[in-house]
Structure formats: C-alpha cells, structure tokens
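Going by this note's numbering, the letters in the sequence shown line up with residues 1 to 119, in that order.
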Amino acid sequence: MSTIQEKRKEFTLNKVFRYEEGVMSRREWLKLKLSQGWTVEQKEVRQYAAEDKLEQWLFDHSYMNSGNPEWPDTKHWQSEKERAKQGIYKTEYCLCSKQENSIFDITKTEFNYVKEELL
Numbered sequence: 001m002s003t004i005q006e007k008r009k010e011f012t013l014n015k016v017f018r019y020e021e022g023v024m025s026r027r028e029w030l031k032l033k034l035s036q037g038w039t040v041e042q043k044e045v046r047q048y049a050a051e052d053k054l055e056q057w058l059f060d061h062s063y064m065n066s067g068n069p070e071w072p073d074t075k076h077w078q079s080e081k082e083r084a085k086q087g088i089y090k091t092e093y094c095l096c097s098k099q100e101n102s103i104f105d106i107t108k109t110e111f112n113y114v115k116e117e118l119l
C-alpha cells in the first residue's frame, strides 16, 4: 500500500504536457533532458517582496515594541525585527543547461525524483 506522499509524487511525475520534443509525461521529459546533459540545481533566493511586507508590518505595529520586554507582543515584534534583519529566503529548484543557456523551473518533487532515482 502506498502512502499519500508516494501517490502525490506519482501524480506529479505522470502528468502529461506538450513539450518541444512532443507530448510526454513529466517523468519522461526529465529523463530526456538529463540524457541531453542537463542538470538540476537548488538555490536560495531572497524574497524582497516578503521583506518589504514585513518592514511595513513592523512599521504599522511599532506600538507593540514598547514597555516590558517580556510582554508577548513585544517579544513577537522583536523576533520579527530580527527576522527582517536576517532576510527572507526561499528555495527554488531548476533544470539547467549550460550549453543552451536555458533554465526550467521544476518542483521539489521533481528535484527529489531526479536526485534519488536518476542520479
């Protein structure tokens, strides 16, 4: 019996799309691209829009940063201020070709499939 994660993985990889190479499943397309010398990469990308939104929230809720530093609202505001200083990042996955200078965004499921089963 398969788990929900396995079913979700199979659903994602068996989805059929129309590519330049023809109509095929995502799994077949990944195998084809890897056989052509493409690679998968994982990178951390800074989210400037999320940082701007957090800065606006800090400004709008600056009243929370007053008085007792042990007050829950003050603690929350201070932790968000620290998070804003560190920056907000997210992980992106892509299929890359140095020869063609091309990049395709892929999902984490597809990235894990390539890393675990194809490489």
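Where a beta carbon is used, it is the ideal one built from N, C-alpha and C, also for glycine.
Assign L34 to one of three DSSP states: helix, strand, or coil.
Helix.
query = Roughly how many angstroms separate the alpha carbons of K115 and A84, rounded to a whole number?
reply = The alpha-carbon atoms of K115 and A84 are separated by roughly 33 angstroms.
Between which two residues does the beta strand (DSSP E) harbouring S102 extend? Segment 102 to 106, the beta strand (DSSP E) holding S102.
(Q) Only counting the same chain, and skipping five residues up and downstream in sequence, which positions put a Cβ closer than 8 angstroms to that of L54? (A) E80, R83, A84, I88.
In this structure, what does DSSP give as the bridge partners for V114? Note: V114 is not bridge-paired with any residue in the DSSP secondary-structure output.
Quick check on the DSSP output: what are the complete alpha helix (DSSP H) runs of length 4 or more inside the segment 6 to 78, in order along the chain? Whole alpha helix (DSSP H) segments, 4+ residues: 26 to 35, 48 to 60.
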